[in-house]
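Colleague: My questions all concern the structure below.
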Amino acid sequence: MSILTVDFGSTFTKVTAISSEKILGTAKAFTTIETDIQEGLDAALTSLNSEIGPREYTHKLAASSAGGGLKMVAVGLVPALTAKAAREAACSAGAKVVKTYAYELTPADEQEIYDINPDLILLSGGTDGGNKEIILHNAKRLAAMDRGFAVIIAGNKSAATDCADFLAKTGKVTVTCENVMPAFNQLNIMPAKNAIRALFMEKIIEAKGLGEAAKIMSAPIIPTPLAVFEGAHILSDSLGALMAVDVGGATTDVYSMASGYPTLANVTQKGLPEPFAKRSVEGDLGMRYSLDALVDAANIDSEELASFQVRCAADPSYIPIKNTPDKYLDEMLCGKAVDIATQRHAGYLERIFTPFGETYYQLGKDLSQVKYVVGLGGPIIYSDNPKAILQNTIQSGESLKPKTPKFLIDKRYIFAAMGLLSRVNKELALKILQNELTEV
Amino acid sequence: MNGKTLVMGVIGADVHAVGIKILSHAFGLAGFNVINLGVMVSQEEFIEAAIETAADAIVVSSLYGHGEMDCRGLREKCDEAGLTGIPMYVGGNLVVGKRNFEEVEKTFLEMGFTRAYPPGTTPEKGIEDISKDLGIT
Chain A
1 MSILTVDFGS
11 TFTKVTAISS
21 EKILGTAKAF
31 TTIETDIQEG
41 LDAALTSLNS
51 EIGPREYTHK
61 LAASSAGGGL
71 KMVAVGLVPA
81 LTAKAAREAA
91 CSAGAKVVKT
101 YAYELTPADE
111 QEIYDINPDL
121 ILLSGGTDGG
131 NKEIILHNAK
141 RLAAMDRGFA
151 VIIAGNKSAA
161 TDCADFLAKT
171 GKVTVTCENV
181 MPAFNQLNIM
191 PAKNAIRALF
201 MEKIIEAKGL
211 GEAAKIMSAP
221 IIPTPLAVFE
231 GAHILSDSLG
241 ALMAVDVGGA
251 TTDVYSMASG
261 YPTLANVTQK
271 GLPEPFAKRS
281 VEGDLGMRYS
291 LDALVDAANI
301 DSEELASFQV
311 RCAADPSYIP
321 IKNTPDKYLD
331 EMLCGKAVDI
341 ATQRHAGYLE
351 RIFTPFGETY
361 YQLGKDLSQV
371 KYVVGLGGPI
381 IYSDNPKAIL
391 QNTIQSGESL
401 KPKTPKFLID
411 KRYIFAAMGL
421 LSRVNKELAL
431 KILQNELTEV
Chain B
1 MNGKTLVMGV
11 IGADVHAVGI
21 KILSHAFGLA
31 GFNVINLGVM
41 VSQEEFIEAA
51 IETAADAIVV
61 SSLYGHGEMD
71 CRGLREKCDE
81 AGLTGIPMYV
91 GGNLVVGKRN
101 FEEVEKTFLE
111 MGFTRAYPPG
121 TTPEKGIEDI
131 SKDLGIT
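If you read the protein sequences in the order shown, they are chains A and B. Taking this note's numbering as reference, the numbering of the first sequence is continuous, increasing by one, and the terminal residue is 440. Taking this note's numbering as reference, the numbering of the second sequence is continuous, increasing by one, and the terminal residue is 137.
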């Protein structure tokens, strides 16, 4: 058996050749999505062949985040309920969820969505038999928008048909699936996740210019974050509860594989149940395309930083050289991105006062017992001090981030490839991951 | 099923779990679609659940004597959240001490509750009143 995995990234197309034992070789070339994606793939394969010689592959598997990835917007009713459930579903499908909206979409929201220009919108709202008014209003507003997005309807089943009719009238591709929250506080994200995956294969791949590349693969192309998600999933089968952080140019993604149940006494779990396998995407925490937003979120301000931001904006492929002030700033900001993204991902305690004294509500997942944190993505794996960056995942204040984790890094950038490989050979993918990840 | 949805729960830091189970069961048998939020329910949770499920009424239980403190402001928050005029019911051991119930009832009606019930009220009484108020024949 020999397997080829391809990861069409926004900048690089990465190829990995795997035998039935180990990784034979990896190579990369610039992604050529503007002209013909095949050129970049051929260049990467040529370079791989020069390293390990030409060969035939029994499986060719691919993931893609080229062309901005799978850009989505989630729409729901109450922020902590259906809007959150919709976001959760979209994140778990590997989408880049740019923004989540609650209640009626306003003209300002509509303008924002128009500007985001998403590939897909996940529309939810109301439990089955519950509120219909808001989802119907939002379906009408989305139908009226002159954009080519497709819509997945995963809200109140009593309103789904009417929503689909409104959207179909203006030619929007729509898919209806089960409600993301069929009954109060019941999370049901699998049907929406599957619908997103199916639409990604059928429509988005073609629209992103990956149609030809898809034909030579032995399985449908999936979004890269989904491949990473599956990599993290199999790794947790052997390592136990873990967290993974992927810092990129546009977003910071956090994955956790843990039940997240309360571990402290005197704590009551509140809010929507959390999935065991959870992914969150922070669109305002990126090292280049969203650097300005990251600086805002980190709430830091200096002249050096301002001029660094200008340099990054002028050239998003800018990589500072070692031992320069810019390198220092870059690493410091990467640490901030990790800190804030994991803070948002993990749950937190809310102190409440009762007639019997103080007690706590836990909102979100308690990740304090997580044993491993895996660092992914260029800014972490090519850092001079990845440990210092990953230490930002450690608990402080009322947050329920990991307390005493060990840190691993994906030095050779193989995580997504192993997620893909796990689809045909789980054991091998796990074995390679265990060998390749280095503790820092 | 009578097509009416009730959101019910035990408000505040109160953990009395038995009564609400009985109520939820009784109202369910009477044909209501019951969303039982259980114990230790905050005002915000009542409201958020009522919005998503398009509830026809909110039913609040309080057994531990701090009902007055826990219920204050619920009507105003409902108004803010767009649940204007939603019927609200409350029952249990609403206050500590020996205040007579007329006085207690007045306090809760002034707070915006549609009806308030003293200890020992049977589920049937509540079912009868709420059915009437919601126009179930």
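All C-beta atoms, glycine included, are put in the ideal place defined by N, C-alpha and C.
1) Just the chain B side, please: which residues come within less than 8 Å of A:Asn179 by C-beta, in chain order?
2) Just to make sure I have the definition right: I need the residues of chain A whose C-beta is within less than 8 Å of the C-beta of B:Met88. Which are they?
3) Leaving aside the five residues before and after B:Ile136 along the sequence, list all residues of the same chain whose C-beta is less than 6 Å from its C-beta, in chain order.
4) Taking the alpha helix (DSSP H) that A:Ala89 belongs to, which residues open and close that run?
5) Tell me the start and end of each unbroken beta strand (DSSP E) in the region 37-75 of chain A that is at least 3 residues and wholly inside, in chain order.
6) Under the rule that 16 or more other beta-carbon atoms within 10 Å means buried, what is A:Gln434, buried or exposed?
7) Which residue or residues does DSSP assign as beta-bridge partners of B:Asn33?
8) Just the Cα atoms here: how many angstroms apart are A:Cys334 and B:Tyr89?
9) Taking the alpha carbon of B:Asn33 as the reference point, which residue from B:Phe108, B:Val41 and B:Leu23 has its own alpha carbon closest?
10) If you follow the beta strand (DSSP E) that A:Met418 is in, where does it begin and where does it stop?
11) I need the straight-line Cα distance from A:Ala277 to A:Phe353, nearest angstrom please.
12) Beta-carbon of B:His66 versus every beta-carbon of chain A: anything under 7 Å?
13) Do you know how far the Cα of A:Leu349 is from the Cα of A:Pro355?
14) Ignoring anything shorter than 4 residues, give me the alpha helix (DSSP H) runs that lie fully in the region 221-297 of chain A, in order along the chain.
15) Who are the neighbours of B:Glu48 on chain A, taking C-beta pairs under 8 Å?
16) Do the CB positions of B:Leu63 and B:Ala49 come within less than 7 Å of each other?
17) Residues in its own chain within less than 8 Å of B:Arg72 by CB, not counting five upstream and five downstream?
18) Under 7 Å between beta-carbons, which chain A residues line up against B:Met40? List them in chain order, please.
19) Within its chain, find whatever has a CB closer than 8 Å to the CB of A:Thr448; leave out the 5 residues flanking it on each side and keep chain order.
20) Just confirm the distance between the C-beta atoms of A:Ala164 and A:Ile135, as a whole number of angstroms; I'd bet it's less than 8 Å.
21) Which residues does DSSP pair with B:His66 in a beta bridge?
22) Using the three-state DSSP reduction, which class does A:Asn114 fall into: helix, strand or coil?
23) Report all residues from its chain with a CB closer than 8 Å to the CB of A:Ile116; omit the five preceding and five following residues, and keep chain order.
24) Please return the same chain residues whose Cβ sits closer than 6 Å to the Cβ of B:Leu134, not counting the five positions on each side in sequence.
25) For A:Arg351, report the span of its beta strand (DSSP E) as first-last.
26) Which partner residues does A:Leu363 have in the DSSP bridge list?
27) Would you say A:Pro262 reaches chain B, if we count a Cβ-Cβ gap shorter than 7 Å as a contact?
Modeller: The structure says:
1) Looking up residue 179 of chain A in the first sequence gives position 179. Chain-ordered listing is empty here: chain B has no CB closer than 8 Å to the CB of A:Asn179, the nearest sitting near 10 Å.
2) On the second sequence, position 88 is the one that residue 88 of chain B refers to. What B:Met88 touches in chain A: nothing, since even the nearest Cβ is about 18 Å away.
3) To locate residue 136 of chain B, count along the second sequence from 1; it is residue 136. Excluding positions up to five away in sequence, the list reads Asn2.
4) Locating residue 89 of chain A in the first sequence gives position 89, where the first residue counts as 1. Annotation for A:Ala89: the continuous alpha helix (DSSP H) segment containing it runs Thr82 to Ser92.
5) 59-64 and 71-75
6) In the first sequence, counting from the first residue as 1, residue 434 of chain A sits at position 434. Burial call: exposed.
7) For the purposes of this step, residue 33 of chain B is taken as residue 33 along the second sequence, with counting starting at 1. Paired residue(s): B:Thr5.
8) Along the first sequence, one-based indexing puts residue 334 of chain A at 334. Along the second sequence, one-based indexing puts residue 89 of chain B at 89. Approximately 52 Å, taken between the alpha carbons.
9) The sequence position of residue 33 of chain B within the second sequence is 33, counting from 1. With distances taken between Cα atoms, B:Asn33 lies closest to B:Leu23.
10) Mapped onto the first sequence, residue 418 of chain A falls at position 418. Taken as a continuous stretch (DSSP letters only), A:Met418 belongs to no beta strand (DSSP E), being part of the alpha helix (DSSP H) at Phe415 to Leu421.
11) Taking the first residue of the first sequence as 1, we reach residue 277 of chain A at position 277. Taking the first residue of the first sequence as 1, we reach residue 353 of chain A at position 353. Those two C-alpha atoms are separated by around 32 Å.
12) One-based indexing of the second sequence puts residue 66 of chain B at position 66. So yes, B:His66 belongs to the interface.
13) Counting from 1 along the first sequence, the entry for residue 355 of chain A is found at position 355. Counting from 1 along the first sequence, the entry for residue 349 of chain A is found at position 349. Whole-angstrom Cα-Cα distance: 19 Å.
14) 224-239
15) Locating residue 48 of chain B in the second sequence gives position 48, where the first residue counts as 1. Per Cβ cutoff of 8 Å: Val78, Ala80 and Leu81.
16) To locate residue 63 of chain B, count along the second sequence from 1; it is residue 63. To locate residue 49 of chain B, count along the second sequence from 1; it is residue 49. No, these two residues do not count as a Cβ contact at 7 Å.
17) For the purposes of this step, residue 72 of chain B is taken as residue 72 along the second sequence, with counting starting at 1. The beta carbon of B:Arg72 sits closer than 8 Å to the beta carbons of Met111 from its chain, once the five residues preceding and following it are set aside; these are given in chain order.
18) Here residue 40 of chain B is taken as the residue at index 40 of the second sequence, counted from 1. In chain order: Thr268.
19) This structure does not reach residue 448 of chain A, given that chain A is present from 1 up to 440, and the question cannot be answered.
20) For this step, residue 164 of chain A is matched to residue 164 along the first sequence. For this step, residue 135 of chain A is matched to residue 135 along the first sequence. Not a contact, Cβ separation roughly 11 Å.
21) Residue 66 of chain B sits at position 66 when you count from the first residue of the second sequence. DSSP, once it has assigned bridges, lists B:Val95 as partnering B:His66.
22) For this step, residue 114 of chain A is matched to residue 114 along the first sequence. Residue 114 of chain A is actually Tyr in this sequence, not Asn. The answer is helix: DSSP assigns A:Tyr114 an H, G or I state.
23) Indexing the first sequence from 1 puts residue 116 of chain A at position 116. Here the set comprises Lys71, Val73, Val98 and Lys99.
24) In the second sequence, counting from the first residue as 1, residue 134 of chain B sits at position 134. Lys4 and Asp56, listed in sequence order.
25) Taking the first sequence and counting its residues from 1, one reaches residue 351 of chain A at position 351. First-last of the beta strand (DSSP E) with A:Arg351: Tyr348 to Thr354.
26) Working through the first sequence from its first residue, we reach residue 363 of chain A at position 363. According to DSSP, which records beta bridges pairwise, A:Leu363 is partnered with A:Lys270 and A:Tyr348.
27) Residue numbering aside, residue 262 of chain A sits at position 262 when the first sequence is read from its first letter. It does not; no Cβ of chain B falls within 7 Å.
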